[in-house]
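Protein chains in written order, with the numbering used here: chain G, 1 to 111; chain H, 1 to 115.
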């Protein structure tokens with residue numbers, strides 16, 4: 001599975017968009033990009049996933065570059081409750097047992 | 001609320017003891033996963049069951065075992081506990097065995113402290 005690189009931490013003002021980058025330059029053609037988040041000591045929460053097209057749901061948007069070597073998770077209007085560690089994971093579909101979480105990005109949303 | 005239920009939420013026990021952690025998956029989910037999260041290791045996959053059968057194994061110690069029952073709930077048994085086993089143990093579930101056509105949903109975890 002491709003490795004991912006994320007900044008260790010980011011700050012965002014409440015009400016502003018939070019843009020969380022992820023680098024996955026070794027991604028293969030059959031690997032998806034998944035985003036999860038973990039609010040302090042709670043279970044990881046699924047946010048969104050995509051293969052090559054941009055995706056949007058009620059929680060966030062996922063922008064994947066054309067070469068698929070990087071992606072950005074966008075929380076359009078961050079709130080204090082979005083403060084969490086965000087994990088970008090690249091994985092081949094059908095291999096959920098290999099879902100491994102790295103160190104992620106700690107997003108701090110402030111007033 | 002993900003729909004995955006774990007008990008107990010907190011557990012303190014002594015070294016050498018044995019404990020059982022319980023997980024009820026979301027209604028309709030056939031696949032159950034166990035993860036361990038400790039401060040220095042991050043979230044580590046332990047084992048997966050699908051419809052009662054072991055599906056995949058991760059870095060699970062021989063002192064640990066798991067099973068999934070006919071009603072689909074699962075138990076993780078931890079024996080001969082050591083201080084280093086202190087961690088947050090998560091259960092997750094999904095509908096399909098791959099967990100990727102449908103997403104994986106995590107429970108709130110069981111805090112185990114070994115003293």
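Don't be surprised by glycine CBs; every beta carbon is placed ideally from N, CA and C.
Member of the options whose CA lies at the smallest distance from the CA of residue i
i: residue 57/G; options: 31/G, 32/G, 74/G; result: 74/G
i: residue 50/G; options: 81/G, 43/G, 23/G, 35/G; result: 35/G
i: residue 82/G; options: 24/G, 42/G, 33/G; result: 42/G
i: residue 1/H; options: 60/G, 87/G, 111/G, 39/G; result: 39/G
i: residue 18/H; options: 66/H, 106/H, 4/H; result: 66/H
i: residue 65/G; options: 108/G, 32/G, 46/G, 87/G; result: 32/G
i: residue 3/G; options: 28/G, 59/G, 55/G, 45/G; result: 28/G
i: residue 32/H; options: 58/H, 74/H, 78/H, 60/H; result: 74/H
i: residue 8/G; options: 110/G, 105/G, 45/G; result: 105/G
i: residue 103/G; options: 38/H, 21/H, 22/H; result: 38/H
C-alpha distance - residue i paired with residue j, whole-angstrom precision
i: residue 87/H; j: residue 14/H; result: 14 angstroms
i: residue 37/G; j: residue 30/G; result: 23 angstroms
i: residue 19/G; j: residue 82/H; result: 41 angstroms
i: residue 79/G; j: residue 63/H; result: 43 angstroms
i: residue 103/H; j: residue 34/H; result: 15 angstroms
i: residue 23/G; j: residue 5/G; result: 5 angstroms
i: residue 40/H; j: residue 52/G; result: 33 angstroms
i: residue 96/H; j: residue 51/H; result: 10 angstroms
i: residue 55/H; j: residue 47/H; result: 8 angstroms
i: residue 49/H; j: residue 111/H; result: 21 angstroms
i: residue 80/H; j: residue 16/H; result: 4 angstroms
i: residue 87/G; j: residue 69/H; result: 31 angstroms
i: residue 63/G; j: residue 3/H; result: 29 angstroms
i: residue 91/G; j: residue 12/H; result: 35 angstroms
i: residue 107/H; j: residue 99/G; result: 16 angstroms
i: residue 43/H; j: residue 21/G; result: 21 angstroms
i: residue 61/H; j: residue 105/H; result: 24 angstroms
i: residue 110/G; j: residue 10/G; result: 11 angstroms
i: residue 61/G; j: residue 44/G; result: 18 angstroms
i: residue 26/H; j: residue 115/H; result: 32 angstroms
i: residue 24/H; j: residue 84/H; result: 26 angstroms
i: residue 54/G; j: residue 78/H; result: 42 angstroms
i: residue 26/G; j: residue 101/G; result: 17 angstroms
i: residue 107/G; j: residue 45/H; result: 24 angstroms
i: residue 57/H; j: residue 59/G; result: 32 angstroms
Classification of residue i by the beta-carbon crowding that lies within 10 angstroms, buried from 16 upward
i: residue 71/H; result: exposed
i: residue 113/H; result: exposed
i: residue 16/G; result: exposed
i: residue 112/G; result: What the structure shows of chain G is the stretch from 1 to 111, and residue 112/G is not part of that stretch, so it cannot be assessed.
i: residue 90/H; result: buried
i: residue 85/G; result: buried
i: residue 93/H; result: buried
i: residue 29/H; result: buried
i: residue 48/G; result: buried
i: residue 76/G; result: exposed
Residue-chain proximity (residue i, chain A), Cβ-Cβ < 8 angstroms
i: residue 102/G; result: Among the protein chains in the structure shown, which are G and H, there is no chain A.
Count the CB pairs spanning the region 1 to 16 of chain H and the region 66 to 77 of chain G that are closer than 8 angstroms, and state whether there are at least three. Not touching, per the Cβ criterion.
Contact residues within the region 27 to 54 of chain G, judged by C-beta distance below 9 angstroms to chain H: Result list: 32, 34, 36, 38, 41, 42, 43, 44, 45, 46, 49.
Given a limit of 9 angstroms on CB to CB distance, which residues of the region 41 to 67 of chain H reach chain G? Listed in sequence order: 42, 43, 44, 45, 47, 48, 55, 56, 57, 58.
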